[in-house]
Every structure is written in C-alpha cells, then in structure tokens.
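Quick notes on the structure that follows.
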Amino acid sequence: MDPLLFLAVVADSVSGLAHVAGEADPAGLLPARQQMALSLGWHIVLACFGVAFPAMIFTMHLIGIRRDDRDALLLARKWAKVSAVLFAIGAVSGTVLSFEMGLLWPGLMGTYGDVLGLPFAFEGLAFFIEAIFLGIYLYGWDRMPPARHLLMVVPMAVTGVVGTFCVIAVNAWMNAPVGFELVDGEVRNIQPWAVLLNPDAFWQFLHMWVAAYMVAGFTIASVYAVGMLRGRRDRPHRLGFTLAFAFASVSAVVQPLVGHLLGSRLAETQPTKLAAFELATETESPSPLRLGGLLVDGEVRWSIDVPHLGSLLARNSFTKPVEGLSSFPVEDHPPVNITHLAFQSMVGIGTLLMVAAVVFWVARWRGHDLMERRWFLRFAAVTGGLAVVAMEAGWIATEVGRQPWVVYGFMRTHEAAGENSGLWWLLGVTAVVYTLMTVGAIVVLRSMARRWRAGEVDLPSPYGPQAQGPGHSTSAEAAEEPVR
Amino acid sequence: MSLADVVAAALFVGVLAYALFGGADFGSGFYDLTAGGTARGAELRTLVDHSIGPVWEANHVWLIYVLVTWWTAFPETFAATMSTLILPMLLALLGIVLRGASFAFRKYAATLGQARLFGAVFAISSVITPFFLGAVAGAIASGRVPATGRGDLWSSWLNPTSVFGGIIAVGTCAFLAGTFLCADASRSGGRVLAEQLRRRTLAVGAVTGVVVFAALIPLQRDAPTLADGLETRAAPLVVASALAGIATLVLVSTRRYAVARGTALVAVAAVVSGWGVAQYPWLLVDQVTIAEAAGAPATLEALLVAVGLAVVIVLPALGYLYRLTQSETWSHHGEQAPSDH
Ligand code: HDD
Ligand code: HEM
Ligand code: HEM
Numbered sequence: 001m002d003p004l005l006f007l008a009v010v011a012d013s014v015s016g017l018a019h020v021a022g023e024a025d026p027a028g029l030l031p032a033r034q035q036m037a038l039s040l041g042w043h044i045v046l047a048c049f050g051v052a053f054p055a056m057i058f059t060m061h062l063i064g065i066r067r068d069d070r071d072a073l074l075l076a077r078k079w080a081k082v083s084a085v086l087f088a089i090g091a092v093s094g095t096v097l098s099f100e101m102g103l104l105w106p107g108l109m110g111t112y113g114d115v116l117g118l119p120f121a122f123e124g125l126a127f128f129i130e131a132i133f134l135g136i137y138l139y140g141w142d143r144m145p146p147a148r149h150l151l152m153v154v155p156m157a158v159t160g161v162v163g164t165f166c167v168i169a170v171n172a173w174m175n176a177p178v179g180f181e182l183v184d185g186e187v188r189n190i191q192p193w194a195v196l197l198n199p200d201a202f203w204q205f206l207h208m209w210v211a212a213y214m215v216a217g218f219t220i221a222s223v224y225a226v227g228m229l230r231g232r233r234d235r236p237h238r239l240g241f242t243l244a245f246a247f248a249s250v251s252a253v254v255q256p257l258v259g260h261l262l263g264s265r266l267a268e269t270q271p272t273k274l275a276a277f278e279l280a281t282e283t284e285s286p287s288p289l290r291l292g293g294l295l296v297d298g299e300v301r302w303s304i305d306v307p308h309l310g311s312l313l314a315r316n317s318f319t320k321p322v323e324g325l326s327s328f329p330v331e332d333h334p335p336v337n338i339t340h341l342a343f344q345s346m347v348g349i350g351t352l353l354m355v356a357a358v359v360f361w362v363a364r365w366r367g368h369d370l371m372e373r374r375w376f377l378r379f380a381a382v383t384g385g386l387a388v389v390a391m392e393a394g395w396i397a398t399e400v401g402r403q404p405w406v407v408y409g410f411m412r413t414h415e416a417a418g419e420n421s422g423l424w425w426l427l428g429v430t431a432v433v434y435t436l437m438t439v440g441a442i443v444v445l446r447s448m449a450r451r452w453r454a455g456e457v458d459l460p461s462p463y464g465p466q467a468q469g470p471g472h473s474t475s476a477e478a479a480e481e482p483v484r
Numbered sequence: 001m002s003l004a005d006v007v008a009a010a011l012f013v014g015v016l017a018y019a020l021f022g023g024a025d026f027g028s029g030f031y032d033l034t035a036g037g038t039a040r041g042a043e044l045r046t047l048v049d050h051s052i053g054p055v056w057e058a059n060h061v062w063l064i065y066v067l068v069t070w071w072t073a074f075p076e077t078f079a080a081t082m083s084t085l086i087l088p089m090l091l092a093l094l095g096i097v098l099r100g101a102s103f104a105f106r107k108y109a110a111t112l113g114q115a116r117l118f119g120a121v122f123a124i125s126s127v128i129t130p131f132f133l134g135a136v137a138g139a140i141a142s143g144r145v146p147a148t149g150r151g152d153l154w155s156s157w158l159n160p161t162s163v164f165g166g167i168i169a170v171g172t173c174a175f176l177a178g179t180f181l182c183a184d185a186s187r188s189g190g191r192v193l194a195e196q197l198r199r200r201t202l203a204v205g206a207v208t209g210v211v212v213f214a215a216l217i218p219l220q221r222d223a224p225t226l227a228d229g230l231e232t233r234a235a236p237l238v239v240a241s242a243l244a245g246i247a248t249l250v251l252v253s254t255r256r257y258a259v260a261r262g263t264a265l266v267a268v269a270a271v272v273s274g275w276g277v278a279q280y281p282w283l284l285v286d287q288v289t290i291a292e293a294a295g296a297p298a299t300l301e302a303l304l305v306a307v308g309l310a311v312v313i314v315l316p317a318l319g320y321l322y323r324l325t326q327s328e329t330w331s332h333h334g335e336q337a338p339s340d341h
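These protein sequence lines are chains A and B, in that order.
Following UniProt numbering from start to finish, the first sequence increments by one per residue and tops out at 484.
Following UniProt numbering from start to finish, the second sequence increments by one per residue and tops out at 341.
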C-alpha cells in the first residue's frame, strides 16, 4: 500500500487534526485530504522523471553522437523507451490532479480559481510542448537526421522546468498568498501576474527542481548499482551509473543550500510552520536545534537539543529566536509531530546524500573507484529510495505544516472541501488503480530490462503481425518495431 | 464580443480540438476492440499503435487546456459542474487513466498474455470514456447543472440529452478514427486491412449520423433551450454536418480516404460547434451566462496572453508533429503501418 497514505492516516489520528479543525468539518474533508496526498504523492515521483530525465537522455545521446560511442547511443535509446512508459503514466496521473482540484476542493476553486489559475494555464502550455516533442523524439529514432533528432529533447527539458515553476508558483501562493484583496469577504483586485511571479515561488521552484534531479538521478543510479552487484560490470552499466550519479551528485550538493535559503523565508511568511519544523513550543532566544523528539501532551520529549543552532539555521543569526507555537492561537497550530518528523527526515537524508556524493567524487579524484566496492554499491542501491523518501517527506512537511490553512491566513482547509462523503469510495478505487498501475509499470519495465539483457534491442510487440504470422515462431527477430 | 465571450470562445476551441483529435485517438479503441483474435487482429492493432503512438499525449493535453481555462476564467461554474457531475467526471477520468497507462504498457509488454490484458483494458476504456464526457456535455446543455452549489448526482447525467450526448460522442470518435485508420492502412499498402476498416467505418458513420438526427426529437422536450438554438442559429451548422457526413460516407465507400479524413473532421466539428452556438450565451444552459460566470477581468486578459502564446508556440509545434508523422520517411518502414494524424 501507499506509504504516504499510511503516513497521512497516522498523522491524522496521532496529531488530532480533526480537533484542530473543529466539529463542523464537511464530510468531504478527510477523504479529500487522503486522496490529495495519495494522488499527488504518486504523481510527483513521475513528475521528477518528466523534469529531469530529458536532460539526462540528452547528455547520454550527445555523448553518443559526439564521441561516436555505441554504448552511449544504445543507452540513450533504452532510456528513451523507459521514459515513454514513465511519461505516459505521469501524464495520466497529472490529469487526475486537474480533475481533483475541482472535485475535491470546490470551495478553493470556486473562490480563488481566477486568482491561482494563470500559472496553471502556463503549465498547460508547457505540457503541450513537452508532449509534442516527446512524441517527435520517441518516434524520431532512425527517422530524422541525428543532430536534429537530438535537438528535439531540448524543448522537453526546458518545458519540464517551466511547467514545474508554474505548478510550484501555485503551491507557493497557497503558502504565502499574494495578488488579491479580501473586501468584506469578497475576493477583489485580483492580479494574476503577481501570483505567477510571486517572490516565494522562485526558491520553492529551485528546491523542487533540484529535488527532481536527485530523485531521477539516484533512482537510475540505483538500478545500475543493483546490476553491478549482481555481477554485470560491463561498460554500459558503469556508464549509465556514472552519468546518472553525476547529475544526482551536483544536485545533492546544492540542495541543502537551496533548502536553507528557502527555509529562511519561513520566519516571515509562515511562522507556525517554522515552529512545527523546529518543534519550538516556546519562543527561546537563542533557539536550539531539536533533533528528533515528539510533542506529547504539549511537552517536547526525547529530543537532542543543540544550543544556538536553531537560530543559526532558521534565522541566520546567533540570537534571533524561532517563534514558538505558544505565540499563536491553538486553532492555528498545524499537526506538529508529523510536520517535524517529515522535515527532519528530509534534511537528514539530504545531508547523508550530499556526503555520499562528495565521498564518491573525492575518492575518484584520488584514484579510488568506489564502483569497485560492494559496500558502496549497496549504499548506492538504496539512494534512489532515500531521495524519493526525502522528497515525499518535504512535501508532507510543506503541506501538513500549512494546516489548518489551505490558503495561508485566508481560507481554512475545511472551507475548501465539499460535502461529499462518497469520496471515500473514490479513495478506495484510486488506491486500487494506482497500485495496479504501479505493478503494471514495474512488470513492464522489468521485462524490458530482461529482454535487453538477453540481447534484444527493438522490443517488438508480441501481438504484431510478424510475431503472429506463419513462419515466425517468436518475436525475437521480428523487425516490425518502428522505434529502433 | 465581450472579453468573457472571447475567453469562452478560446475555451470552446479547446473543447473542439479535444473532440476531434483526442476523439480520434479514443475512437481507435473501437477498432482495436473489434479487431478479432490475436492472429486476425495483429495487423490492425499494430496500425493503431503506430497511428496514435506519437500523438496521443499531445492530443490529450487539450483536455488539460480546457479544464485549466475553465477553472481560471469561470471558477464558480467549474466548482459547481465538478460537484454535480462528479460521477461521470470520475468515470471518464478512470477511463483516461486506464487508457493511457495500458496503451503504454501494451506496447512494451513482453508476453502475449500481458499484451492481451493491457490491450483489452486499453480498448474498452477507450470506447467507454467518450460516453461519460458526452454525458457531461448533455448535462450542461440541458440545463441540469446549477450555477452554484450541487445539482442532483444522478439525474443530472442520466437523462435523455446526456445519454444521447454520450452515444454521439462514442460514435463520432469511432467514425473519425475509422477514416484516419483507413487512410493509414491504404497508404501503407495494407489493402485487406483497409477494406476491413472501410466496412466498419461505413457502418459506424451511418449509425452515428442516424443517432445525431434522431436525438433532435427528444431534445425538444428534454433540452428546449438547446433544441431551439439548434433549429435557429445553429441550423446552418447542423446542415453542414449532415452534408459533410454524407460526403464522408460516399468518399469512404469509393475509397478516397485521404479526402474523407477532411470531411469527417468537418462533420464532427460542425456538430460540436453546433452545440456551442446553440447554447450561446449560456455557459451552463438556463442557469448562468458566460458574462455572469466570468472571473476577474485581469485574469481573463492574462489568460488571453496565455492563449496567444499557445497560438504562436504550441500550434506550430503541433503542426510540425503532425507533418512529421504523415511524411514518407515516417510512414514507410519496411512493411510498416504509418503513423498518422
Ligand atoms: C530530494 C529531495 C529533498 C532534499 C534532499 C531536501 N529537500 Fe527540502 N523539500 C523537498 C525536497 C528535498 C520538497 C521537493 O519535497 C519540498 C516540498 C515543497 C518544495 O518546494 O520542496 C521541500 C521543502 C522544504 C522546505 C519547506 C518550504 C515551505 O514549506 O515553504 C524547507 C524549509 C526545506 N525543504 C529545507 C531543506 C533543507 C534545509 C534541506 C537540507 C538538506 C532539504 N530541504 C533537503
Ligand atoms: C510539485 C508538483 C508538480 C510537479 C513538479 C509536476 C510536474 C509535472 C511534469 C514534469 C509533468 C509531465 C509529465 C511527465 O513527464 O511525467 C506533469 C504532468 C502533469 N501534471 Fe504535474 N506536476 C506537479 C503537480 C501537479 C499538480 C498540482 C497538477 C494539477 C493540479 C498537475 C497537473 C499535471 C497534468 C495535468 C499533467 C499532464 C500533462 C500531460 O498531459 O502531458 N501537476 N507534471
Ligand atoms: C504544486 C503542487 C501542489 C499543489 C497545488 C497542492 C495543493 C494541495 C491542496 C489544494 C491540498 C488540500 C488542502 C490542504 O490540505 O491544505 C493539498 C493537501 C495535501 N498535499 Fe498538496 N499540493 C501540491 C503538491 C503536493 C505534493 C507533491 C505532495 C506530495 C506528497 C503533496 C501532499 C499533500 C498532502 C499530504 C496533503 C494533505 C495535507 C493535510 O490535509 O494534512 N502536495 N495539496
């Protein structure tokens, strides 16, 4: 089952979210939350590949053409096929989200649709271009001059970034709303461009963008690490690993800095979220950094406090305090434990991955190839999973930490939800469909890998005429596949 | 024309484009489903793969464009429609998800058994999804979606107009796909295949045409505002659709598939535009007009900038994709079926 969903359920029951929001919760609130967590948590993993994979494919393909490297060209071709599968389910899961904005949050879309809509419109444009050039690139193998074919990846890489910026702009707006005024409960004076270009969007986008490279890079590197552990130490494995790990490494090294810069805005924009991140119940000056720990009956338990460091990290100062939760009305507190733990998991994993990346390249520079070390490969094999966990944890921290607001300071989440208790059915069906889709993707991708190992290149479909026609017993030599 | 009307027109262009191009992709599921057993259907299924493979994701984005433009420009009606029509919307969504995923999975499936499973899911979801989208259109056109709040969960889309809307959607998708597939098959020299497709396309076209015109009768009572518009303002479009539809049938039966594709597009475009023109100036028929539903003017203006950008950036790129997939190098690959539309 979906771990996010599980987490969200635990979060809700442990932290008593329901209490915070009060008795009058609409029937559609809880299922809508779980639904959002599940569908976004799923989409975002594929979105990472949509953002980062094109650039990696481009680089591999470029190496292949420039150095006339057959291994690299073959890898680029295989990666393109993998991306065809991933992008297809990425696109359909994105469509689910578009429907859900209205299905789950009629209150939000009805009231603020024309405020937050513009970025989504530009996102739509970006996805148009991405989908068009995806079609051209995937089917263009052997049908276009190589240089022009390679160029077709560029719009994909660019629009993946633009699209991410646009969606993140909406999320950043939910965190720190701008571009409208509330006059007697009516939304007035709407400035859509201010939403698209809101100051918080930039840092949040940068952080997400880098995260996408980490997720895609480490995941691909993990796949090759597993292959090498099983003794497949040929050149393609090493090349695939090195390129993916290089992308991931650069991202892993800059990510903590970007995250720090993003976080340093919180004291101003979302003080309650910051208090939950830092597990600050009272305002202390200077604030400690609390590692681990839980809030039990209003008391912080089991945490390791490092003096001063909280002020330093969150406020860039030795004295400025992190404002504690006690400074805010109880009804404005987010679920503290889940937010704190999610945030620290992200930061912890981020730090670990940064160290791993530095260790690998420093060792390589000094002449030690860690790809030859089983312990390193074993670690590399789990980095993909770690990066995914870090990213999901970051989103949980962001989204749960914003509670009880959907639009911070303006609209509470229960005002955004509808009255539809039938949404539980939707959640059940979604869980089943997404599980099946995950299984389907894994089965298909694994079978592709198996056939590639067996020496096939084209992967012809088993239902094509050559596979069926008389005189051809297997599809092995059937050449009916156009994508060669 | 007011600013809101211009945005509504831009939104409707998206609906039209999705109906035509997304529709043709969905419609190919009908032929895939009825292609027969594995051996008999092999050629046709491969043709379907090549036909929609490069374009379906791009064509699919029209739907995203419609949703996004709708909630940005006319936010309250979007919320009301989604709340009221949650069931057909979710069923359509389920179909969209299953169709996209299983199409991609089938192409790279390793064994025949897997390919059969994914293929069945792909084909069935392709056929039924347009029904629910058509039912949504019928619900709006027959005045069953309130301007705010939530209408009836069931009768809003289980009514004569919606049911006809759904059937017409399924039929027009299959009709469009048929003409495109015929053209593809004959271009790549699959004469037997083209003949097989030709018979089915003719049958689908005839049935769909009859249903479209039969629907006008129940509409009089069930959706009077729409029927009135169809008989007056939109009448020329209805006639144009009939003529283009008949022309398509003649062209297909005389095997002039390349031209038939054009007339089929015209026939379907005319039906869909007929609906739009007939219900103007209502956004949700009998409930709220386009002008009343519009969001902030600043947002509408900004949206038009996005639409303008789409015209200069997306349309040429889309044109390039279509041109490539129709070109000789892309069509002929051994005894390959070509990629098209
Ligand atoms: C691979 C993934 C990953 C890694 C290693 C990190 N993050 Fe992160 N973080 C995310 C992935 C992420 C994210 C993509 O999940 C979030 C959620 C919202 C966003 O834009 O990025 C996020 C949110 C997020 C926020 C919340 C912003 C808000 O709610 O407005 C802060 C303060 C940080 N991060 C800080 C950090 C720090 C100091 C890191 C140090 C190592 C770090 N992140 C590593
Ligand atoms: C941080 C959040 C998100 C990121 C980074 C992101 C990124 C992406 C990317 C890169 C794609 C391209 C498809 C692929 O290659 O897999 C995609 C698809 C899509 N996303 Fe997201 N997305 C995010 C959240 C959302 C949200 C909140 C929505 C809608 C409300 C959404 C709607 C869509 C849609 C509709 C598509 C499909 C476009 C198509 O048909 O090609 N996404 N997303
Ligand atoms: C940019 C993209 C995103 C947008 C526009 C967005 C939007 C929303 C909205 C409208 C809600 C419901 C209201 C609320 O609970 O405050 C929500 C909740 C939630 N989202 Fe996001 N989201 C985005 C990205 C993500 C991602 C990528 C994840 C991945 C894990 C995620 C996880 C969640 C969770 C866990 C909740 C439930 C929070 C709770 O109610 O406790 N979100 N999001």
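Note that CB positions come from ideal geometry on N, CA and C, so glycine has one too.
A quick note: this is a predicted structure, and the numbers were derived from the prediction, not measured.
Cβ-heavy atom distance, residue i to ligand 1, below 7 Å
{"i": "His260/A", "result": "yes"}
{"i": "Pro256/A", "result": "yes"}
{"i": "Leu104/A", "result": "no"}
{"i": "Asn175/A", "result": "yes"}
{"i": "Thr383/A", "result": "no"}
{"i": "Leu289/A", "result": "no"}
{"i": "Ala211/A", "result": "yes"}
{"i": "His149/A", "result": "no"}
{"i": "Ala275/A", "result": "no"}
{"i": "residue 485/A", "result": "Here chain A covers residues 1 to 484 and nothing more, so residue 485/A does not appear."}
{"i": "Met214/A", "result": "yes"}
Contact set between residue i and chain A, taken where Cβ atoms lie within less than 9 Å
{"i": "Phe21/B", "result": "Here the premise fails: no neighbours, minimum Cβ distance about 12 Å."}
Beta-carbon separation (whole angstroms), residue i vs residue j, contact threshold 8 Å
{"i": "Ala294/B", "j": "Ala73/B", "result": "6 Å"}
{"i": "Ala115/B", "j": "Pro462/A", "result": "5 Å"}
{"i": "Val211/B", "j": "Ile168/B", "result": "6 Å"}
{"i": "Val272/B", "j": "Thr77/B", "result": "At roughly 19 Å, the Cβ-Cβ gap does not stay under 8 Å, so Val272/B and Thr77/B are not in contact."}
{"i": "Ala269/B", "j": "Leu16/B", "result": "6 Å"}
{"i": "Val66/B", "j": "Leu300/B", "result": "With 8 Å as the limit, Val66/B and Leu300/B do not qualify as a contact, their Cβ atoms being about 16 Å apart."}
{"i": "Trp71/B", "j": "Gly113/A", "result": "4 Å"}
Cross-chain neighbours of residue i in chain B, by beta carbon under 7 Å
{"i": "Trp193/A", "result": "Ala302"}
{"i": "Phe122/A", "result": "Ala306"}
{"i": "Pro465/A", "result": "Ala42, Glu43 and Thr46"}
{"i": "Leu38/A", "result": "Ordered by position in chain B, no residue passes the 7 Å Cβ test against Leu38/A, which lies about 13 Å from the chain."}
Interface partners of residue i on chain A, CB under 7 Å
{"i": "Ser83/B", "result": "Pro106 and Gly418"}
{"i": "Thr299/B", "result": "Asp114, Gly117, Leu118, Ile190 and Pro192"}
Residues that residue i contacts on chain A, provided the C-beta gap is smaller than 8 Å
{"i": "Pro54/B", "result": "Gly135, Ile136, Leu138 and Tyr139"}
{"i": "Val97/B", "result": "Val92, Ser93, Thr95, Val96, Val433 and Met437"}
{"i": "Glu292/B", "result": "What Glu292/B touches in chain A: nothing, since even the nearest Cβ is about 14 Å away."}
{"i": "Pro75/B", "result": "Met109, Gly110, Thr111, Tyr112, Gly113, Asp114 and Gly117"}
Under 8 Å from the C-beta of residue i: neighbouring residues of chain B
{"i": "Lys81/A", "result": "Tyr108"}
{"i": "Arg451/A", "result": "Ala110"}
{"i": "Leu386/A", "result": "Under the 8 Å cutoff, chain B gives no residues; its nearest Cβ is about 27 Å from Leu386/A."}
Per-residue contacts from residue i into chain B (C-beta, under 9 Å)
{"i": "Gly428/A", "result": "Under the 9 Å cutoff, chain B gives no residues; its nearest Cβ is about 12 Å from Gly428/A."}
{"i": "Met156/A", "result": "Within 9 Å Cβ-Cβ: nothing; Met156/A doesn't reach chain B, min ~11 Å."}
Worksheet item: So does the stretch 22 to 38 of chain B actually touch the stretch 278 to 292 of chain B, counting three or more Cβ pairs closer than 8 Å?
Response: no
Worksheet item: Does the stretch 195 to 207 of chain A come close enough to the stretch 155 to 174 of chain A that 3 or more CB-CB pairs lie under 8 Å?
Response: yes
Fill in: the stretch 81 to 100 of chain B touching the stretch 244 to 263 of chain B, judged by at least three CB pairs closer than 8 Å
no
Discussion item. Can you confirm whether the stretch 420 to 427 of chain A touches the stretch 29 to 39 of chain A when touching is taken to mean that 3 or more C-beta pairs between the two stretches lie within less than 8 Å?
Written reply: yes
Practice prompt. Determine contact between the stretch 51 to 60 of chain A and the stretch 210 to 229 of chain A, defined as no fewer than three beta-carbon pairs at a distance below 8 Å.
Written response: yes
Worksheet entry | Given 8 Å, three or more beta-carbon pairs between the stretch 293 to 303 of chain A and the stretch 237 to 256 of chain A | no
Item to complete: Tell me, please, whether the stretch 359 to 368 of chain A touches the stretch 122 to 139 of chain A by the rule of three or more beta-carbon pairs shorter than 8 Å.
Response: no
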